[in-house]
Amino acid sequence: MTTIQAAPLADRHHHARGFWSVAFLFAATMGFAAAPAPLYVFYVDEQGWGSFAITVVFATYGAGVAISLFLAGHLSDRFGRRRVVAPAVLLNVLSALIFLSTHELGWLLLARLLSGLGVGMLTATATAHLAELHRNARPEAPATRAEVVATAANIGGLGLGPLVAGALAEWAPRPLYTPYAVFAFLMVVGLLAVVAAPETVDTDQPGWTYRPQRVRVPADARSAYFAAGTASFVAFAMFGFFTSLVPSFLADELGLHSHVVAGVVGFSIFGAAALFQVLAGRWQRRQLYVTGLVALTTGLLLVVGALLSGTFWVLVVGAVVTGAGSGMSFKAAVATVISVAPADSRGEALAGLFLMAYVGITVPVVLLGIMVQYVSTGPAVIAFGVLLLVLLAVAARGVAGTRRTA
């Protein structure tokens with residue numbers, strides 16, 4: 003696979019329009035993926051779900067993402083970005099239609115699985131597509147803008163999903179229908195716009211054969227890649243915690259049943275992540291890593307303290323600090339992978355990074371959901387916090403080692 007050469011001057015506006023079309027579709031799809039978070043309480047009241055059922059629903063989504071990243075996250079390097087984006091988004095549209103049609107747990111598990119499969123195909127593909135469209139539209143400009151937009155569309159979309167869904171559930175009619183209908187409409191509109199976006203991959207590869215995901219990075223860059231993956235694992239573990247179990251905690255432990263409040267708390271971590279990616283857009287990767295990992299550690303301690311003490315405002319502050327650290331750390335991780343991966347396997351290397359991130363968004367949260375079935379919330383939350391602190395220390399050591407050998 004070879005990437006198509008930079009477009010001539012007359013075509014730069016075409017690539018620029020494609021860039022923003024892909025960014026919009028990316029954000030809308032990620033918004034839909036996170037939209038159910040403040041709506042789970044409706045299913046609890048209507049269907050009698052417990053916290054473990056919510057964990058299973060969320061884990062199904064995460065499993066779908068991981069499976070898709072492993073089996074299909076790298077296919078855009080061969081078949082082209084648009085040919086992978088289209089089915090990825092259509093899977094999420096189908097997921098929305100299932101949510102609109104039924105409230106039965108089995109069907110909703112299928113809907114979340116389909117959404118996860120689509121997101122797994124989309125994340126690395128859209129990130130690589132944005133980088134290539136930006137390079138063709140502005141060949142003289144650094145890649146910083148594409149990195150900021152890609153990570154902001156990804157994480158910012160995840161933040162807007164709960165916020166929009168919570169507001170619609172609070173003030174619009176039919177709270178279990180309107181949010182899904184709105185996001186389905188946005189995804190279809192975005193997909194129609196992306197159909198006209200330029201392709202950035204040469205798909206003429208006669209010797210290609212299919213194989214599952216693997217990651218190819220130079221041997222001397224593997225420590226940097228591992229550090230990026232570990233930092234992403236922790237950042238997304240916190241994202242998963244806020245989109246799965248925190249809404250139930252707000253309702254059950256603090257008596258806060260407002261869907262807007264649940265949406266705002268979910269938005270606070272993702273919104274802070276997107277905001278600080280923009281504010282730190284010109285920072286060097288080392289500065290992003292150091293500041294991000296310190297903020298992640300501080301935010302994690304605040305969140306654990308808030309859950310143990312039942313203090314709402316400490317939880318919100320912890321979410322913002324955690325989000326800031328997650329955003330900066332993940333931005334540094336994406337930039338690291340883009341810089342060290344060979345041009346002909348950039349999508350594949352990014353898929354590997356997102357695979358590690360979405361294992362993080364799933365496994366620790368599932369373990370926490372299982373633990374709270376057998377022990378009280380306090381010990382379970384402490385164990386969750388200790389696990390992530392250990393992984394943060396591993397990531398910090400990896401970053402420090404990379405810096406010494408750079």
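Going by our numbering, the sequence shown opens with residue 3, and the numbers climb by one from there. Each residue gets a CB set at the ideal place from its N, CA and C atoms; glycine is no exception. Values in this document were obtained by computation on a predicted structure and should not be read as measured data.
The beta carbons of A237 and S331 sit closer together than 7 angstroms. Counting only residues of its own chain and dropping the five nearest sequence neighbours on each side, G387 has a CB closer than 7 angstroms to the CB of L302 and V306. Within the model, the alpha-carbon separation for V203 versus D79 is close to 7 angstroms.
Nearest C-alpha to T338 among Q286, T324 and W315: Q286. Residues G192 of the same chain have their beta carbon placed closer than 6 angstroms to that of F26, with the five preceding and five following residues left out of the count. Around the beta carbon of V377, a 10 Å sphere encloses fewer than 16 other beta carbons of the protein chains shown; the residue is thus reported as exposed.
When the five nearest sequence neighbours on each side are left out, the beta carbons in the same chain lying within less than 7 angstroms of the beta carbon of T125 are those of N156 and F356, in order along the chain.
With the rule of 3 Cβ pairs closer than 8 angstroms, the region 111-118 counts as touching the region 87-103.
G159 counts as buried, since at least 16 other C-beta atoms from the protein chains shown sit within 10 angstroms of its C-beta. By the 16-neighbour rule on beta-carbons within 10 angstroms, F28 is buried.
A distance below 6 angstroms between beta-carbons, with the five flanking residues on each side excluded, links A359 to the following residues of its chain, in chain order: S234 and F238. Membership of L304 in the alpha helix (DSSP H) is indicated by the continuous run R287 to S311. Contact between the region 162-176 and the region 40-60 is established, with three or more Cβ pairs separated by less than 8 angstroms. Of all alpha-carbon atoms in A335, A35, V196 and A152, the one lying nearest the alpha-carbon of V87 is that of V196. If one requires a minimum length of 4 residues, the alpha helix (DSSP H) runs lying completely within the region 320-377 are 348-373, in chain order.
Annotated as proximal: I271 and G325, with beta-carbon spacing under 7 angstroms. Excluding its 5 nearest sequence neighbours in each direction, L178 has C-beta neighbours in its own chain below 6 angstroms: F44, listed in chain order. In this structure, L119 keeps its C-beta atom at 7 angstroms or more from the C-beta atom of L102.
If you draw a straight line from the Cα of A397 to the Cα of T104, it is about 42 angstroms long. Note that the C-beta distance between A139 and R14 is below 7 angstroms. Going by DSSP, I157 is part of no alpha helix (DSSP H) at all; its letter is neither H nor E.
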